[in-house]
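Okay, structure first, notes after.
Residue numbers (the UniProt record's numbering): 1 to 72.
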């Protein structure tokens, strides 16, 4: 959802950072794919969609993460 709401440089950075570029040409294709996936799951009584949320930050990053959100 965040990618779909992003525009311009941020959109491009997120698209590449999320590694969508090998399988999709643009954000609209990603959005369309997930929309179709959710529609198919909605038709089924046995569909389970597992998701994980995580941000991976390289140790050399030039910003610091609030320790509350950092996992050691």
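Glycine included, each C-beta is placed from N, C-alpha and C at the ideal position. Nothing here was measured: the structure is a model prediction, and the numbers come from that model.
Here residue 33 has 24 as same chain residues with Cβ atoms under 8 Å from its own Cβ, once five neighbours each way along the sequence are excluded. Taken in chain order, the complete alpha helix (DSSP H) segments of 4 residues or longer contained in the UniProt domain "Serpin" (1-70) are 2-5, 8-17, 27-43.
The beta carbon of residue 2 is closer than 8 Å to those of 14 in its chain, skipping five residues each way along the sequence. Note on geometry: alpha-carbon atoms of residue 45 and residue 52 lie some 22 Å from one another.
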